[in-house]
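Student:
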Amino acid sequence: LWGCARTGQTPDLTYSVLEALGWLFGGLFFFLPKRNVHLHIETQDRDSLLTESREAFNRGLEDWFNKDAPEVPLFIRYSWLFGPSEGSYQSAATKGIDVDTITPKTIEQVNELVASFLKRDLSDHERLAETKLEEIGLDSLDRMELALRIEQQFGFQSDAVVETLGSLWALADGKLVSNRPSGKEDAVPKNWFSGVVPGIGQNAAGKSPWLLDDTVAAAFVRRMIETPGVAATGDPMSGVLSRRRLLVAATLMARRFAKIPEKHVGVMLPASVAADIVFYAMHLAGKIPVMMNWTTGPSGLAHGIEVTGVRTVVSSSRLVDRLGITMEGAEYVFLEDVKKSIKKIEALGVLTRAYARPSSFLHAVPHQNERDPAVFLFTSGSESTPKTVPLTHLNLLTNIHDSLAVLEPDHTDSLLGFLPPFHSFGLTGNILLPQLSGIRSVRYADPTDAPGLVRLISTYKPSLLFTTPTFLGYILSNATGDELQSLRKIITGAEACPETTHELCAQKASKAIILEGYGITECSPVVAANRIDKNKHGSIGKLVGHVDARVVNHETMKQVERGQTGMLLVRGDSIFDGYHAFDGPSPFVEFEGQQWYRTGDLVSADGDGYFQFQGRLKRFLKAGGEMVSLPALEVPFQKKFPADQNGPRVAVEGIETPGGRMIVLFTTEELAFREAADVLLESGMRGVMRFDAVQKVESIPVLGTGKTDYKALRRQVEVMSEENTDLKPTEAV
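Taking this note's numbering, I'd label the letters of the sequence shown as residues 74 to 806.
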């Protein structure tokens, strides 16, 4: 039997239980209404069943079940004083799918994936957006599995139910909107505004955002006990935690993490309250968190574990089950299990201490030196194995000082953080800066769920947003009304912000200003940013306070004239000291008698000291704010198709385009696009780590040294991008 709430929403459990008890007593137990249930069984001649195909059989069953439809919904009232009533269900609040906004390349790739799943080609009349998935032979479990496969391959997620082929296209393109009724809004917890005094730009203690100590643990504890009742962080799953409760939670977790024998402990969590708690708990336990980037796949994770000596990775069983990732050489510690180990009496004792003796938490802070490593992050550069970046307390806190000077926030501000903590922008901007400076922050775990982010902004009304232009574009495109009017300052980085995004922001978030910046993981990460009082569109801004820079010719290493393009060199307290366990060439060069970090990026500077980003020297691209390593994409195919006497059989090249990127797998083999996608999935590549086309060639061009001529391949990609904007992934394969 099946039932449905008229609201289309999952009811509140506590309210439902109390309501049920009320009706139970009101009906005097024995007089509750009863529902008459009739079961109809009909015999069928086996020969009459449509068994020639699964699709035909499913259609036959649907026709049999629906032969007496539609039925008028019957609502059984809870009291015997009222009889049953007839009514109707409100239509599901869904939005149409605009096929014109979905790239033909994405449509073709999804159709290929569906055909591979069905083990047959789709007919022309089936290749329509309105084609229902059950009509082509996909039951509910098949649809769920296929949607998960698309989420893994294309990197987008949605809480909407996929029902048609068009909904799969929209899911792959990041445009599938929620099935949730639009009339219902999430209720913001009342304590989200606790401690905020509107209109004066300060909290109840009259303090402005700044840092209170020189190391992470000490700065965190001082901020938490300074105004303990003020809201600190929240997310839709955990609700809102005050600073006092955040400190208590981190302290309880720290007691468990302190028992881990290794100094370096892996952390693999999305943006969430849990990530905040775990990060600061690591510091209170005297550990150095190693932020694991699960998008690099098993090989990248295994490399990170090996070079850092991690033997324990703190994560969530829900995340691990969803990703299906195993950690070779390390064991998981699941937060769900850690939470169960905390007894109520222990938690009550720590909470009582937070009220009675808050200063005692300072005495328990482990000794930290500002030049000690505070976190390990990983790059995704031109090599297939990421480099390990240790950032010190001095690096991180210096960068936060500089970022606050750019932001000019006050305590009425609040921040939305959804970038993952393994991202340097996500770590500094979303975990460290708000908690250490005293800015309320709300978290969201899925950066690709634009409808969910729009709802969260509408509910919590944050004023600050750290994001990439790609994710910002998704958010703006999904806003339909004034949901984004609370935003005041939007800080973007990791890629250039298109003019169309600026224009869309002016329409959808008219009170907000977009401040573009430039950052590098090795620089903690912010190097340059635009300013509120002088914002130059198309530039990456000017240097932040504690960063010094030079622009040089990357071949002669001589400084170029202002306005000319050259490679950027930087130095300062926010710049790291070198890679961990790395035996490659030094990332530093000597210039003017000092050591400078060689960024490998090409820039030019105008007369006001504002920089324009001109390109990159290394073989990597940026998509959605994430680094895409072309060599890493190449490795699985080099293993599958190793070079023979005729030379290499595969090569990967790509370019960044105004519309995003174009990454092509060149191969001398017969390889369908869906087969290439399967190889990437089997290798653990997901999200941005994918191809846009597979191109068969007679031979891979090589240099005189026998190495692949990537410049020649890049020219081919540029031609494909310009002349074949609607290139289908199965063409020229």
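For glycine and all other residues, C-beta sits at the position ideal for the given N, C-alpha and C.
(1) Can F664 and V676 be called in contact, C-beta distance under 8 angstroms?
(2) In its own chain, which residues sit with a C-beta less than 8 angstroms from the C-beta of S597, not counting the 5 before and 5 after it?
(3) Just to confirm, are A344 and R513 a CB contact at a threshold of 8 angstroms?
(4) Is the beta carbon of T574 closer than 8 angstroms to that of G810?
(5) How is E92 classed by DSSP in three states: helix, strand or coil?
(6) Mind the definition here: the stretch 374-390 touches the stretch 398-415 only if three or more C-beta pairs lie below 8 angstroms; say whether that holds.
(7) Below 8 angstroms between beta carbons: does that hold for G377 and M365?
(8) Is there contact here, the stretch 583-590 with the stretch 609-623, by at least three beta-carbon pairs under 8 angstroms?
(9) Can you check the stretch 555-633 for any alpha helix (DSSP H) of at least 4 residues that lies completely inside it and give the ranges in chain order?
(10) Could you spell out the range, first to last residue, of the alpha helix (DSSP H) harbouring V321?
(11) In or out: K416 buried (at least 16 other Cβ within 10 Å) or exposed?
(12) Counting along the chain, where does the alpha helix (DSSP H) carrying L112 start and finish?
(13) Hey, could you find the ends of the beta strand (DSSP E) R513 is sitting in?
(14) Would DSSP call K712 helix, strand or coil?
(15) For the beta strand (DSSP E) containing Q117, list its first residue and its last residue.
(16) Do the stretch 292-309 and the stretch 429-439 make contact, defined as three or more Cβ pairs closer than 8 angstroms?
(17) For L706 versus W669, is the C-beta spacing smaller than 8 angstroms?
(18) From P571 to P542, what distance separates their C-alpha atoms?
(19) Report buried or exposed for G727, applying the criterion of at least 16 other Cβ atoms within 10 angstroms of its Cβ.
(20) Decide if the stretch 764-771 is in contact with the stretch 729-744; the criterion is three or more beta carbon pairs, one per stretch, under 8 angstroms apart.
(21) Check whether the Cβ atoms of A202 and L249 sit closer than 8 angstroms, and answer yes or no.
(22) Check whether the Cβ atoms of P507 and V448 lie closer than 8 angstroms to each other.
(23) Have a look at L560 and V261 and give me their C-alpha separation to the nearest angstrom.
(24) Once DSSP output is grouped into helix, strand and coil, what is the label at I736?
(25) Alpha carbon to alpha carbon, what distance is there between K413 and R329?
(26) Distance, Cα to Cα, V346 vs A518?
(27) L91 to E185, Cα distance in whole Å?
(28) Would G35 and V624 be called neighbours here (beta carbons separated by less than 8 angstroms)?
(29) Check the DSSP bridge columns for W283 and list the partner residues they point to.
(30) My output table needs one value for R200: the three-state DSSP class, helix, strand or coil.
(31) What residues match up with W669 in a beta bridge as DSSP calls it?
(32) Note down, in chain order, each residue of its chain lying with its Cβ closer than 8 angstroms to the Cβ of C578, except the 5 sequence neighbours on either side.
(33) Out of curiosity, what's the CA-to-CA distance linking V321 and E796?
(34) Are the CB atoms of V761 and L738 nearer to each other than 8 angstroms?
(35) Which residues mark the beginning and the end of the beta strand (DSSP E) in which P362 is found?
(36) Applying the 10 Å Cβ sphere with the 16-neighbour rule, what's the burial state of D286?
Tutor: In this structure, then:
(1) no
(2) L464, N468, L469, T471, N472, S497, T501, S647, I648, F649
(3) no
(4) Examination of residue 810 is not possible in this model, given that the chain is present from 74 through 806 alone.
(5) helix
(6) yes
(7) yes
(8) yes
(9) 572-581
(10) 316-330
(11) exposed
(12) Looking at the DSSP string, L112 is not in any alpha helix (DSSP H), and its letter there is neither H nor E.
(13) 513-516
(14) helix
(15) Looking at the DSSP string, Q117 is not in any beta strand (DSSP E), and its letter there is neither H nor E.
(16) yes
(17) no
(18) 7 angstroms
(19) buried
(20) yes
(21) no
(22) no
(23) 17 angstroms
(24) strand
(25) 12 angstroms
(26) 9 angstroms
(27) 51 angstroms
(28) Here the chain comprises residues numbered 74 to 806, so residue 35 is not present and cannot be evaluated.
(29) W283 is not bridged to any residue.
(30) coil
(31) V662
(32) L545, L549, I563, A585, I587
(33) 59 angstroms
(34) no
(35) 361-364
(36) buried
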